[in-house]
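See structure below.
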Amino acid sequence: MKTLNGHFTKNGNHTDHKHNGCHHHHNDLDLELIEHIGDNHHITSIDTPLRQDAFDLDDETKIALIEEHFAEIMNIMGLDLTDDSLKGTPRRVAKMYIKEIFSGLNPANKPAITLFDNKYDYHEMLIEKDITVHSNCEHHFVPIIGKAHVAYIPRKKVIGLSKINRLVQFFSKRPQVQERLTVQIAQELRKALQTPDVAVIIEADHACVMMRGVQDCGSSTITAQYLGAFERPEVKNELLRLLGK
Ligand SMILES: [Zn+2]
């Protein structure tokens, strides 16, 4: 597993991802630690944690089941599901989860990547910036909204630019952790483009930070992964300069 090159907030504070100053002891560890992991958005693995049987049920079955369960959540909260405005919500949410905002869990929805020969023999960095990121935090199931900047140095192959957007969208449409999203995009591009030289930077706002907990609306999170040539300071700096950072 590749470690992340950076994770810091816009105001320059480093986000501490270790358990420094943490008062947990081993006896009360488990539940508290699990909550702590979520609230601090720790990452536990680069692969999205999916079960082996994740796609045994088809989409229609999943939608029907989620509809049922979401109606139950609304019921428990005391909402009147006979009200015309609420009646359709469980089904709407279920369809939105499976067909839209979490459709990137299913490998069947992964965009096909078309590569082209690098006919112009272009071997400088190519940057696609300000790609819209609409994802959801896997710890709170509320939105992560931001921008991705993707760069690579082509070898023999180049990729249609819209395919980079589609890949970013695909990995965004999962319950996510921003660091994992960053790494998943970088690794997929490195594989698809057959070049080791890939960089991905994501700047995003987390609704869970804005709406709950510290309720800090002013801070955003920046994550970056620099692979291959981008690990060299001069190449990384050139990228950041071109991005205006
Ligand atoms: Zn969250």
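If you count the sequence shown from 1, position 71 lands on 90 in the working numbering, and the numbers rise without skipping.
Note that CB positions come from ideal geometry on N, CA and C, so glycine has one too.
Mapping the DSSP letters down to three states, classify residue i as helix, strand or coil.
i      : result
LYS267 : Residue 267 lies beyond the range of the chain shown here (20 to 264); nothing can be said about it.
GLY40  : Summary for GLY40: the model assigns pLDDT 35, below 50, so the residue's position carries little reliability, and this model does not support an answer.
GLY165 : strand
HIS88  : helix
PHE190 : helix
CYS156 : strand
GLN197 : helix
THR67  : coil
THR151 : strand
LEU124 : helix
CYS227 : helix
LYS264 : coil
How should residue i be labelled, buried or exposed, when 16 other C-beta atoms within 10 angstroms of its C-beta is the threshold for buried?
i      : result
ALA83  : exposed
LYS271 : This structure cannot settle anything about residue 271, because the visible part of the chain is limited to 20 through 264.
THR242 : buried
VAL233 : exposed
TYR116 : buried
ASP99  : exposed
GLU87  : exposed
GLN197 : buried
ASN11  : Since the first residue shown for the chain is 20 and the last is 264, residue 11 is missing from the structure and cannot be characterised.
ASP77  : exposed
GLY97  : exposed
In the DSSP assignment, what residue or residues form a beta bridge with residue i?
i      : result
LYS145 : Residue 145 is actually Leu in this sequence, not Lys. DSSP lists TYR171 as partners of LEU145.
ASP136 : LYS176
I'd like to check one pair, residue j with residue i: are the Cβ atoms closer than 8 Å?
i      : j      : result
THR201 : TYR171 : no
ILE164 : ASP224 : yes
LYS192 : SER122 : yes
Evaluate the contact criterion for the segment 179 to 187 versus the segment 103 to 118: three or more CB pairs, one atom per stretch, below 8 Å. no
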